[in-house]
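Peer 1:
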Amino acid sequence: MRFDVAVVGGGPCGAIAGRYAAASGARTVIIEEHPAIGEPVQCAGIISGRAAYACEVGRGDFLIRTVQGAYINSPGHRLRIDGHEEKAWIIDRRIFDRELISRALDAGCELLLRSRVLGGRCNRLDVRIDGEREVIEAGIIIAAEGVQRRITRMYLGDLSLPRIIPGIQAEVRCDIEDPGFVEIFLGEKIAPGFFAWLIPVEDGFARAGLCVARSGIKEPPLSYLERF
Ligand SMILES: Cc1cc2nc3c(=O)[nH]c(=O)nc-3n(C[C@H](O)[C@H](O)[C@H](O)COP(=O)(O)OP(=O)(O)OC[C@H]3O[C@@H](n4cnc5c(N)ncnc54)[C@H](O)[C@@H]3O)c2cc1C
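Next comes the structure, spelled out in structure tokens:
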């Protein structure tokens, strides 16, 4: 297979890069390893309105609600930070990512799902598509593969990676006292070295998550989330 532009990764960056390349007339393909765009969700789903407009999507079906501030909870203290106006959007990342991809497809971009880029050299990508090995040739390769950056490192060498902090999130039944606000929880017992969050989504539900950043901690984030 031969393309002008091959984009590795069907997340927001890949979708936008693919859309612009295709719209400029380049034969473009986005290569995504998962069977569906937007899954699995690895995001708390809070963005600023500016971020959505920068992605050129405006308000769409992905917008669940808006928030105007946050409560910061630490042992014995509760601080309300009120922006008095819409400050952030709570979004459904599945729908958001699919919206961006559908715009890329509308611009003429092609999409390969279940297709993992295994490696690359010069203008040739080694790809496993539905279990079969294929070579994709492209004049330009865009690595939009997210935080892992395996392919980026193959081309650009061993870039020093920032520290990766383990975290976990689940959508849970939960009545948030004030759904116009996000809840942040600090404390070594809750999320050592980082913080936990409760993000209001549909009525009666919230995203509960946390990261653990303190070195030397033996317990996995799941144990902290279960206690939280
Ligand atoms: C726990 C967590 C919470 C977050 N919360 C927020 C938040 O609230 N607000 C916010 O703005 N950001 C948040 N982020 C960050 C946000 O998710 C990322 O910045 C954003 O997804 C980056 O987009 P991307 O397109 O660069 O990469 P990604 O969205 O990671 O997309 C990369 C895609 O490339 C695919 N891929 C990777 N390697 C290959 C390969 N070799 N072959 C084929 N496909 C490949 C992956 O499957 C993936 O679909 C959060 C991140 C995490 C981990």
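In the UniProt record's numbering, the protein residues as written are 1 to 228. We put the beta carbon where it would ideally sit given N, CA and C, even for glycine.
1) Only counting the same chain, and skipping five residues up and downstream in sequence, which positions put a Cβ closer than 6 Å to that of Glu32?
2) Determine the closest residue to Glu110 out of Arg116, Ser102 and Val117, with distance taken between C-alpha atoms.
3) Counting only the same chain and skipping the five closest in sequence on each side, list residues whose C-beta sits under 7 Å from that of Gly204.
4) With Arg94 and Gly146 assumed to form a contact (beta carbons below 8 Å), what rounded beta-carbon distance in angstroms separates them?
5) Could you tell me which residues DSSP puts in a beta bridge with Gln169?
6) Kindly identify the DSSP beta-bridge partner or partners of Tyr71.
7) For residue 269, verify whether its CB is less than 6 Å away from any heavy atom of ligand 1.
8) With DSSP run on the structure shown, which of helix, strand or coil describes Ile142?
9) Would the region 39 to 54 and the region 133 to 144 be scored as touching if the rule is three or more Cβ pairs under 8 Å?
10) What are the residues that DSSP puts in a beta bridge with Leu125?
Peer 2: The relevant details are as follows:
1) When the five nearest sequence neighbours on each side are left out, the beta carbons in the same chain lying within less than 6 Å of the beta carbon of Glu32 are those of Gly10 and Leu113, in order along the chain.
2) Nearest option by C-alpha distance: Ser102.
3) Closer than 7 Å at Cβ, skipping near neighbours: Arg173 and Asp175.
4) Arg94 to Gly146, Cβ: 16 Å. No contact.
5) In the DSSP output, where bridge partners are listed per residue, Gln169 has Gly209.
6) The partner list for Tyr71 (beta bridge, DSSP) reads Arg80 and Glu183.
7) Nothing can be reported for residue 269: it is not among the residues displayed for the chain, which extend from 1 to 228.
8) In this structure, Ile142 counts as strand in the three-state DSSP scheme.
9) The region 39 to 54 is not in contact with the region 133 to 144.
10) DSSP output for Leu125 lists Gly120 and Ile136 as bridge partner(s).
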